[in-house]
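Asks:
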Amino acid sequence: MPASFKPPSVASLSRRSFCGALAGVLALPATQALAQTECAVFTPERQSAVAPAEAIAMLKAGNARFTSGQSINCDLMEQVRETADHQSPFAAIVGCIDSRVPPELVFDQRLGDVFCARVAGNFVNVDILGSLEYATAVAGARAIVVLGHSSCGAIKSAVDGVEMGNITALLHNLAPALATIGPADGPRSSSNHELVQKVAEENVRLTAAGLAERSPLIGKLVEAGELTIVPAMHDLKTGIVSWLA
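Those letters in the sequence shown? Residues -35 to -1, 1 to 210, by mature numbering (1 follows the signal peptide of the UniProt record, and there is no 0).
1. Identify, in the order they occur along the chain, each residue of the same chain with its Cβ nearer than 7 Å to the Cβ of proline 68, setting aside the five sequence neighbours on each side.
2. How many Å lie between alanine 20 and glutamate 128 at the Cα?
3. Excluding sequence positions up to five away, which residues of its chain have a Cβ less than 7 Å from the Cβ of threonine 8?
4. Rounded to the nearest angstrom, what separates proline 17 and glycine 77 at their Cα positions?
5. Tell me, to the nearest whole angstrom, how far the beta carbon of valine 66 is from that of histidine 158; I am working on the premise that it is less than 8 Å.
6. Give a yes or no on whether the minimum CB-CB distance between alanine 102 and chain D is below 8 Å.
7. Tell me the rounded alpha-carbon separation between serine 86 and glycine 95.
8. Apply the 10 Å Cβ neighbour rule to asparagine 38 and answer buried if 16 or more other Cβ atoms are within range, or exposed otherwise.
9. Work out the CA separation of glutamate 191 and aspartate 63 for me, nearest whole Å.
10. Between glycine 27 and the rest of its own chain, which residues show a CB-CB distance below 7 Å, the 5 nearest in sequence each way excluded?
11. Under 8 Å: do the stretch 155 to 173 and the stretch 134 to 146 share three or more Cβ pairs, one atom per stretch?
12. Less than 8 Å separating the beta-carbons of valine 124 and valine 164?
13. What residue ranges within the stretch 80 to 167 form continuous alpha helix (DSSP H) runs of no fewer than 4 residues, ordered along the chain?
14. Tell me whether glycine 175 sits in a helix, a strand or coil according to DSSP, three-state version.
15. How many Å lie between phenylalanine 31 and glycine 204 at the Cα?
16. CA-CA distance, arginine 153 and alanine 29?
17. Note down, in chain order, each residue of its chain lying with its Cβ closer than 6 Å to the Cβ of valine 206, except the 5 sequence neighbours on either side.
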């Protein structure tokens, strides 16, 4: 042990412990207030009061809680009871079926908060488009997020031109993004991680950009300022969601 080392005094440890405890006590009311707000089930009135930009801000805040280990624990059975007769989600999320990217957890949301439509490659066909029309034009969601993720198996398969059962037809939905990406440095295969990432990002951009044009119902809501559509990417290594618009 170095001669210059001096163990902390009991008094300093006591002061340090006291200050730490005091900080925790002072933070407790704010934490409890946040939990009460986040655990409150969305009603039609609360949903309609959320602006589209605010809906995205809420998802961003939820992802920040998720990645910092501060996800909020709610009484889920209480939420089951409170949502049994109605639902008023504030957002709709199109995501991949990847087991590592459940939107409700990634955005730290709860029962009744978000609609989720999931398919390998997070593309939007007519069935999902109709689901999004229901989520927004009928049920009142204020934002649509098209959420891709890094190292997506569907994107890799599309890059490699995989042909296997019904997977072949599924991958055709990713062809527009693949065609948009020009010559890449390195092999044009799933072993080229940069290429896979670029195609995944282009896929969510194209998908998000085309929704209003493909659906007059959705387009009308966007024009009226009642809905926003945003592409985003989830990083499997960090859990962080990056927003591409």
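Even glycine gets a Cβ: it sits at the ideal position worked out from N, Cα and C. Just so it is clear, the structure is predicted and the values come from calculations on it, not from any experiment.
Replies: From the atom records:
1. Ile58, Gly60, Val79, Cys81 and Leu112
2. 39 Å
3. Ser53
4. 17 Å
5. Rounded, the Cβ-Cβ distance is 17 Å, inconsistent with contact.
6. Looking at the structure shown, chain D is missing, and only one protein chain is on hand.
7. According to the sequence provided, residue 86 is glycine. The question's serine does not apply to it. Using only the alpha carbons, I get a separation of about 18 Å.
8. exposed
9. 30 Å
10. Phe72, Asp73 and Gln74
11. yes
12. yes
13. 91 to 98, 118 to 125, 132 to 137 and 140 to 145
14. helix
15. If you take the alpha carbons of phenylalanine 31 and glycine 204, they lie about 8 Å apart.
16. 34 Å
17. Asn28, Ala197 and His199
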